[in-house]
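According to the numbering used here, the sequence shown is numbered sequentially starting from 5.
Notes for the one structure printed next.
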Amino acid sequence: MSALLDVRDLSVAIGGRRVVEGVSFGLAAGETFALLGESGCGKSLTALALMRLLPPVARIERGNVEFDGRELFALPESKMRSLRGGGMAMIFQEPATSLNPVMTIGEQIDEVIRLRDGKEGRAVELLEAVGIPDAERRAGEFPFQLSGGMKQRAMIAMALAGEPRLLIADEPTTALDVTIQAQVLDLLKDLQRRRGMALLLITHDLGVAARMADRVGVMHAGQLVEVSDTKQFFRGPAHPYSRRLFASLPENLAKPPEVGGEAKEFLAVQDLTVHFPIRRGLLRRTVGQVRAVDGVSLKVSRGRTLAIVGESGCGKTTAGKAILQLITPTAGRVSLDGRDLDELAPRDVQMVFQDPFGSLNPRLRIGQIIAEGMTAQGIEGDIGALLEQVGLDADMASRYPHEFSGGQRQRIAIARALAVDPRLLICDEPTSALDVSVQAQIIALLRDLQARRGLAYLFITHNISVVDYLAHDVAVMYLGRIVEQGNVDEVLRGAKHPYTQALLAAVPRIDGTSGECLLVPGDPPSPARPPSGCHFHPRCPRVMDRCRAGYPGAVTLSATHRLHCHLYT
């Protein structure tokens with residue numbers, strides 16, 4: 005099979021440092037080639053070099069790239085510009101920053117078409133082709149009015165406007181929930197099949213590569229260290245770095261040990277409700293409520309981990325902040341060891357946030373950040389000991405946050421939380437921004453700290469694949485309410501609620517079977533306008549008439565397993 009794209013000995017440098025070195029691969033029409041690797045390995049720079057869109061600080065040192073027989077690096081910029089809008093197209097990781105916020109979606113798509121062949125008016129047709137419902141109305145909307153999944157579909161529509169033969173997708177689903185990710189991956193696969201496009205898929209997710217790719221290339225430190233047929237690669241990777249990636253996958257981690265003795269209730273949350281008023285008009289009158297958290301009840305035992313799982317916007321982070329009293333609840337009671345939380349010292353409960361860089365003061369040294377909540381006595385020795393507990397050197401206390409990697413910053417955030425000796429740690433998406441190997445390290449660290457300190461964890465995540473390896477109990481949240489909860493075995497291996505089943509089915513796995521059943525259509529509804537009856541019924545594959553009529557009551561399946569679903573009432 006002749007190559008549509010042929011990359012030979014590509015090297016890219018930034019300053020005096022070579023960040024991509026000697027990369028060579030080919031891609032045939034209709035084929036998908038996945039470029040795998042962790043953040044900073046050079047895979048995105050490789051893609052930008054192919055499109056001749058490198059930032060000013062980077063330069064191509066050597067190499068040749070042929071597309072459809074034409075040497076891309078020899079083309080004048082005018083020819084390259086028309087090729088980018090026609091034969092080659094690229095979609096980026098974060099659609100919100102790639103779309104013009106002051107132009108409607110339809111105007112942006114028509115602009116691409118007009119620049120290519122002087123015509124316009126196909127925006128609605130292209131939006132329909134990527135599965136956006138009510139495409140005519142959506143074409144007149146601005147990017148901020150679309151959900152993350154819709155924005156990514158709009159980006160794909162813009163890329164398709166030039167009818168490309170090669171589509172480069174740079175982490176196209178990283179910022180999306182697993183259910184929306186499954187929809188976008190299915191869309192890309194279907195479009196590729198119908199149009200015969202070649203697809204260069206850049207990803208750090210082994211499961212996505214297994215599901216989508218015909219061949220896989222693994223990048224490490226700027227070099228392509230392994231290229232293989234997908235089936236052969238996932239049967240047994242050859243390179244030591246590839247094997248390390250596999251060893252870091254959540255399914256290869258040991259499960260958390262069970263806590264000995266009878267589990268005693270430590271954190272108790274009863275009917276927690278957080279409603280935000282919607283105010284409009286000159287007098288800012290209240291015209292409605294955003295039901296962010298709507299009657300949530302849960303408990304965490306000492307030394308155990310409860311994971312709250314759900315899509316973005318389901319209310320899980322708001323629930324965590326309300327438990328910590330960072331947000332004043334509308335109603336409900338939160339108690340720790342039988343005492344209301346507002347009676348306890350703030351040090352008893354601490355939070356580790358999703359973005360450690362955003363939660364660490366950039367003007368303070370690490371030692372100062374950790375010391376903020378500590379008593380003066382023995383503070384220097386305690387800081388060093390804390391840093392060593394989280395796997396960092398004590399002498400790192402004199403550095404600033406920007407001098408650390410993402411994984412190291414998350415360790416610092418954990419050390420800061422531990423500095424006041426809390427009894428409960430609320431972890432809000434602590435691994436979502438991390439590569440798989442660093443993610444495995446943070447999970448191992450959290451488990452080790454729990455075993456040594458007897459901590460209780462409330463672990464908030466949209467990544468259900470890590471839950472099995474950290475949590476003892478799971479609560480699945482949808483549109484402000486808990487729809488199913490129980491211990492890990494009951495929920496992850498005996499899921500009953502269709503939403504839980506859909507979340508599990510959508511997780512990309514290295515056997516390539518994920519997302520092929522129970523694909524949930526559409527996006528979650530707005531918590532300002534929740535559907536009548538069961539909130540999940542507009543997306544549920546097993547919906548019945550009574551699901552639309554009233555919200556289902558609680559169904560108890562065992563002493564620990566409960567759910568809200570009309571299928572079991």
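Think of the CB as a built atom: it goes at the ideal place given N, C-alpha and C, for glycine as much as any other residue.
Note that the coordinates shown come from a computational prediction; the quantities given were computed from them, not determined experimentally.
Have a look at R12 and L31 and give me their C-alpha separation to the nearest angstrom.
12 Å
Expected contact under 8 Å - CB spacing of A163 and G110 to nearest Å:
Not quite, the Cβ-Cβ distance comes to about 15 Å (not below 8 Å), so this is no contact.
Nearest candidate by alpha-carbon position, reference E42, set F71, H406, Y572, H224:
H224
E392 versus P360: straight-line alpha-carbon distance, rounded:
18 Å
So if DSSP puts R22 in a beta bridge, which residue, or which two residues, is it bridged to?
A17
Would the beta-carbon of I117 fall within 9 Å of that of I172?
Taking 9 Å as the Cβ cut-off, I117 and I172 do not qualify as a contacting pair.
Which residue from M481, R248, N491 puts its Cα closest to that of S441?
R248
Based on the DSSP output, what are the partners of N491 in its beta bridges?
D477
Cβ neighbours of L103 in the same chain (closer than 6 Å, five flanking residues each side left out)
P147
Among the residues of its own chain, which have a CB less than 6 Å from the CB of C45, if the five just before and after it don't count?
M223, H224
Give a yes or no on whether the C-beta atoms belonging to P528 and G292 are separated by under 9 Å.
At the C-beta level, P528 and G292 stay beyond 9 Å of one another.
Mind reading off the beta-carbon distance from L483 to L496? Whole number of angstroms is fine, and I expect it under 8 Å.
The Cβ separation is near 21 Å, so there is no contact.
Extract the residue ranges of the beta strand (DSSP E) inside the segment 282–312, only unbroken runs of 3 or more that lie entirely within it.
DSSP runs (the beta strand (DSSP E)) wholly in the segment 282–312: 289–305.
Going straight from the alpha carbon of I575 to that of C431, what length do you get?
For the chain, the structure presents residues 5 to 573; residue 575 sits outside this window and is missing.
Please state the DSSP three-state secondary structure of A165.
coil
Span separating the alpha-carbon of N365 from that of P512
Approximately 36 Å, taken between the alpha carbons.
So, helix, strand or coil for T178, using DSSP?
coil
If we require 3 or more residues per run, which beta strand (DSSP E) segments fall completely within the segment 425–489?
428–432, 460–465, 477–482
Can you tell which of E25, A202, R198, E269 has the C-alpha that lies nearest to the C-alpha of R306?
E269
Alpha helix (DSSP H) segment containing D549, residue limits:
549–553
How is the alpha helix (DSSP H) around A127 delimited, first residue to last?
127–133
Considering only C-alpha positions, which residue in the set L150, G200, L204 is nearest to P176?
L204
Determine the DSSP secondary structure at A423, reduced to helix, strand or coil.
coil
Write down the C-beta distance between G226 and V24 rounded to the nearest angstrom, noting that I regard them as a contact closer than 8 Å.
5 Å
Which runs of the beta strand (DSSP E) spanning at least 3 residues fall entirely within the segment 90–119, listed in chain order?
Fully enclosed beta strand (DSSP E) runs of 3 or longer: 92–95.
Under 9 Å between C-beta atoms of A33 and G240:
no
Between the C-alpha atoms of I446 and G166, what's the straight-line distance to the nearest angstrom?
43 Å
Looking only at its chain, what residues have a beta carbon closer than 6 Å to the beta carbon of F540, apart from the 5 residues adjacent to it on each side?
Y482, Y503
In three-state DSSP terms, what is A203?
Looking at the sequence itself, residue 203 is Leu, so the reference to Ala does not match. In this structure, L203 counts as strand in the three-state DSSP scheme.
Is Q358 helix, strand or coil by DSSP?
coil
Beta-carbon separation (whole angstroms), R367 vs P534, contact threshold 8 Å:
With a Cβ gap of about 42 Å, R367 and P534 do not count as contacting.
DSSP beta-bridge partners of E70:
D10, E75
Compute the distance between the beta-carbons of F463 and L310, then report whether it is under 9 Å.
yes
Can you tell me whether A532 is helix, strand or coil according to DSSP?
For A532, the secondary structure class from DSSP, reduced to helix, strand or coil, is coil.
Report the option in I418, G377, C569, Q454 whose CA atom is closest to the CA atom of R577.
Here the chain covers residues 5 to 573 and nothing more, so residue 577 does not appear.
So, with DSSP's three-state summary, where would you put A398?
helix
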